[in-house]
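Residues 1 to 420 in the UniProt record's numbering are what the sequence shown spells out, letter by letter. Backbone N, C-alpha and C define an ideal beta-carbon position, used for all residues, glycine too. In what follows, a structure is listed as structure tokens, so that the remarks can point back to it.
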Amino acid sequence: MLQGDGVAVVPAGEVADRGGEAEVAPAPAASEPASFGELLARTGPVEALGEIWVQVFEYLPTSDLRSLPLVCKRFAEMMRNYSNQLWRAVLQRQPWRETLPRKSSRNLREFYKFKTLETTRNWREGRCVFTCLWGHTDYVCCLNFDDKVLASGSMDTQIRIWDIHGDRSCVAVLEGHEGTVHQVRLQKDGTLASCSGDRTVRVWDLNTQQQVLSHTLMSSNSGTCPVYDLKSNGWGELVVACHDGSFRFLDTRVPGLEVSRVLEHTGSVLCLEWDRDRYVVTGGTDKICRTFDRRMNASLCTFAKHRRACTTIAWDGPGSNVISGSFDRTVRLWSWSTGKGIKKLTGHTESISCVQVHRKRMVTGSNDRTLRLWSLKSNRCIQTFGGFSGDVFSLQFSQSLMVNGSCRTINVWDFEALER
């Protein structure tokens, strides 16, 4: 199994002291405005709000921050005047913030570019710090992490919560499911949603570590229905993939939960993605993938190029291609709006179990016990991670971390730890 054995060269530095930043002197006022409206009329909204605008900009994603100068001339001027303050805020959110230079004269935008290039090189070369987490007693079928914790679900029916950004210890075990936990999703309100082969969708309060809701799904013939996948908008609305060929919209904030039910497949729905609003993309045992328009309550298109069941789907929403993996050992890219096939990727020697896209990277996991890193620009595999003791069942990655679930273990690949 690949492990980082090199040490990247990083600039010397210490934890940033925000109090030592260079301050921009305010422009002298000609006279005291009589009202806020007069101030706006005299100076314009950007100057009037000044520091407030900058503080808002500090919370923007990096891609949006780069685009600010294109919005208007005033934003471009603010980016020039407050560049280091804004990029320091971005850098403070990174795992390698300890290397942030103290001197405010350093061009922090260039420093950010240097650090991200180092991380990209580590991904490409497979250089990382590897950690193995133990606790589950069977295959780890699902994972989900945010900026606080990692949640994992297993065939052992347990859900475990891990301190993924700290000492990576298990901080909680949630018990209640009576079958394989197929999916877990962290919510913005501090809860966790899960689904299982025991035919239930459950919601857990992570603060109290208690179950707060359990809903059993019934099939069209009044029998109970196993649930294989679940996606959330983060605020209580869920869409779940069901054994009876349907996917269903649930709202955990209202009695009864089930808002609507859509029957689009002739076999079980194994995987789905949701843009959190209008469109749902699904894949099933009938070898078919579909895009569904919730607003129009109609199927938008069908993709039928897989030769066996579609097991996993990744999609970043309208405007991006859908990526689907199958028991046929292939990964396929296709248009979310027309269903037209774009590219077939091969390389795995067993069925594809999981796929995720983040920016221009794609990672696939397979029952051949490997993970593959692909460039979406060239559609080529640029790195293979192997040596697992069992099949790869689940994965998630960010700019700095990749986490995958296998036989009784969770593997954590940290591509920025070398830079700290």
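- prompt: Which parts of the segment 186–266 are runs of the beta strand (DSSP E), unbroken and 3 residues or longer, counting only runs that do not cross its ends?
  reply: 191–196, 200–205, 210–216, 227–232, 237–242, 246–251, 258–263
query: Apart from the five residues on each side of it in sequence, which residues of its chain come closer than 6 angstroms, Cβ to Cβ, to residue 301?
result: Here residue 301 refers to the residue found at position 301 when the sequence shown is read from its first residue. If we look at residue 301 and ignore the five residues flanking it on each side, its Cβ neighbours are 291, 338, 339.
- request: Give me whichever residues DSSP pairs with residue 174 in a beta bridge.
  value: Here residue 174 corresponds to residue number 174 of the sequence shown, with the count starting at 1. Note: residue 174 sits in a beta bridge opposite 159.
message: In whole angstroms, give me the CA-to-CA distance for residue 402 and residue 213.
response: Here residue 402 refers to the residue found at position 402 when the sequence shown is read from its first residue. Here residue 213 refers to the residue found at position 213 when the sequence shown is read from its first residue. Taking the straight line joining both Cα atoms gives about 31 angstroms.
- prompt: Any idea if residue 424 is buried or exposed, counting beta-carbon neighbours within 10 angstroms, 16 or more meaning buried?
  reply: Outside the displayed range of the chain (1 to 420) lies residue 424, so it cannot be described from this structure.
message: Tell me the DSSP secondary structure of residue 353 in three-state form.
response: Here residue 353 is taken as the residue at index 353 of the sequence shown, counted from 1. If DSSP states are grouped into helix, strand and coil, residue 353 belongs with the strands.
field: Straight-line Cα distance separating residue 397 from residue 377
entry: Residue numbering aside, residue 377 sits at position 377 when the sequence shown is read from its first letter. Residue numbering aside, residue 397 sits at position 397 when the sequence shown is read from its first letter. Looking at the two C-alpha atoms, the distance is approximately 18 angstroms.
- prompt: Within 10 angstroms of its Cβ, does residue 17 collect 16 or more other Cβ (buried), or is it exposed?
  reply: Your numbering for residue 17 matches position 17 in the sequence shown. Here residue 17 scores only 34 on pLDDT, less than 50, and its place in the model should not be relied on; the value that follows carries that caveat. The residue in question, residue 17, is exposed, as its Cβ has fewer than 16 Cβ neighbours within 10 Å.
message: Just to confirm before moving on: does the CB-CB distance between residue 216 and residue 196 stay below 8 angstroms?
response: Taking the first residue of the sequence shown as 1, we reach residue 216 at position 216. Taking the first residue of the sequence shown as 1, we reach residue 196 at position 196. Their beta carbons are not under 8 angstroms apart, which means residue 216 does not touch residue 196 by this criterion.
field: At least three beta-carbon pairs within less than 8 angstroms, the segment 150–167 to the segment 117–131
entry: no
message: Less than 8 angstroms between the C-beta atoms of residue 230 and residue 185, yes or no?
response: By one-based count along the sequence shown, residue 230 stands at place 230. By one-based count along the sequence shown, residue 185 stands at place 185. Yes, Cβ-Cβ distance for residue 230 and residue 185 is below 8 angstroms.
For residue 362: DSSP bridge partner residues: Taking the first residue of the sequence shown as 1, we reach residue 362 at position 362. Paired residues: 357, 374.
message: Going by DSSP, what residue range makes up the beta strand (DSSP E) through residue 393?
response: The residue given as residue 393 occupies position 393 in the sequence shown. First-last for residue 393: undefined, no H or E at that position.
query: Is the beta carbon of residue 174 less than 8 angstroms from the beta carbon of residue 190?
result: For this step, residue 174 is matched to residue 174 along the sequence shown. For this step, residue 190 is matched to residue 190 along the sequence shown. Cβ distance not < 8 angstroms, so residue 174 and residue 190 don't count as in contact.
- request: In angstroms with no decimal places, state the Cα-to-Cα distance between residue 432 and residue 211.
  value: The chain is shown from 1 up to 420; residue 432 falls before or after that span and cannot be answered.
query: Taking the alpha-carbon positions, what's the residue 252 to residue 261 distance?
result: Against the sequence shown, residue 252 aligns to sequence position 252. Against the sequence shown, residue 261 aligns to sequence position 261. Going from the Cα of residue 252 to the Cα of residue 261 covers about 15 angstroms.
message: Is the beta carbon of residue 381 closer than 8 angstroms to that of residue 347?
response: To locate residue 347, count along the sequence shown from 1; it is residue 347. To locate residue 381, count along the sequence shown from 1; it is residue 381. For residue 347 and residue 381, yes; Cβs fall inside 8 angstroms.
field: residue 373 beta carbon less than 8 angstroms from that of residue 365
entry: As a first step, residue 365 is located in the sequence shown; it is residue number 365 there, counting from the start. As a first step, residue 373 is located in the sequence shown; it is residue number 373 there, counting from the start. Not a contact, by the Cβ cut-off of 8 angstroms.
Three-way DSSP call (helix, strand, coil) for residue 426 in this model: An answer regarding residue 426 cannot be provided, because it is not within the stretch 1 to 420 covered by the chain.
- request: List the DSSP bridge partners of residue 380.
  value: Translated into the one-based positions of the sequence shown, residue 380 becomes position 380. 375.
field: Top-ranked residue by Cα proximity to residue 139, from 72, 118, 409
entry: Translated into positions along the sequence shown, residue 139 becomes position 139. Per the Cα distances, 409.
- request: Provide the residue span of the beta strand (DSSP E) that contains residue 330, from first to last.
  value: On the sequence shown, position 330 is the one that residue 330 refers to. Note, residue 330: premise wrong, no beta strand (DSSP E); not H, not E.
- request: Out of 208, 336, 324, point me to the one whose CA is closest to residue 287's CA.
  value: Indexing the sequence shown from 1 puts residue 287 at position 287. Residue 287 has its Cα closest to that of 324, out of 208, 336, 324.
field: Cβ neighbours of residue 360 in the same chain (closer than 8 angstroms, five flanking residues each side left out)
entry: Taking the first residue of the sequence shown as 1, we reach residue 360 at position 360. Only 375, 376, 377 meet the Cβ criterion.
- prompt: If we call anything under 8 angstroms between Cβ atoms a contact, is residue 282 one with residue 247?
  reply: Counted from its first residue, the sequence shown places residue 282 at position 282. Counted from its first residue, the sequence shown places residue 247 at position 247. Yes; because the gap between Cβ atoms is below 8 angstroms, this pair is in contact.
Delimiting residues of the beta strand (DSSP E) encompassing residue 341: Position 341 of the sequence shown, counting from 1, holds the residue named residue 341. Run containing residue 341: 341–345, per the beta strand (DSSP E) assignment.
field: residue 263 vs residue 245 beta-carbon contact at 8 angstroms
entry: Numbered from 1 along the sequence shown, position 263 holds the residue referred to as residue 263. Numbered from 1 along the sequence shown, position 245 holds the residue referred to as residue 245. Result yes, Cβ atoms of residue 263 and residue 245 sit closer than 8 angstroms.
- prompt: Exposed or buried, what is residue 178 when buried is set at 16 or more other beta-carbons lying within 10 Å of its beta-carbon?
  reply: As a working note, residue 178 is residue 178 in the sequence shown. Burial call: exposed.
message: So, under 8 angstroms CB-CB, residue 143 and residue 395 are touching, yes? Tell me the CB distance rounded to an integer number of Å.
response: Here residue 143 corresponds to residue number 143 of the sequence shown, with the count starting at 1. Here residue 395 corresponds to residue number 395 of the sequence shown, with the count starting at 1. So it is a contact: roughly 7 angstroms between Cβ atoms.
query: Which one of 155, 307, 201 has the shortest CA to CA distance from residue 351?
result: By 1-based counting over the sequence shown, the position of residue 351 is 351. Out of 155, 307, 201, 307 has the C-alpha closest to the C-alpha of residue 351.
query: Exposed or buried, what is residue 416 when buried is set at 16 or more other beta-carbons lying within 10 Å of its beta-carbon?
result: Reading the sequence shown from its first residue, position 416 is the one you call residue 416. By the neighbour-count rule (16 or more Cβ atoms within 10 Å), residue 416 is buried.
query: residue 240 and residue 280: beta carbons closer than 8 angstroms?
result: Sequence index remark: in the sequence shown, residue 240 carries index 240 (1-based). Sequence index remark: in the sequence shown, residue 280 carries index 280 (1-based). No. Outside cutoff.
Rounded straight-line distance, which links the Cα of residue 183 to that of residue 470: What is shown of the chain runs 1 to 420, which leaves residue 470 out entirely.
field: Beta-bridge partners of residue 313, as assigned by DSSP
entry: The count along the sequence shown starts at 1 and reaches residue 313 at position 313. Residue 313 pairs with 324.
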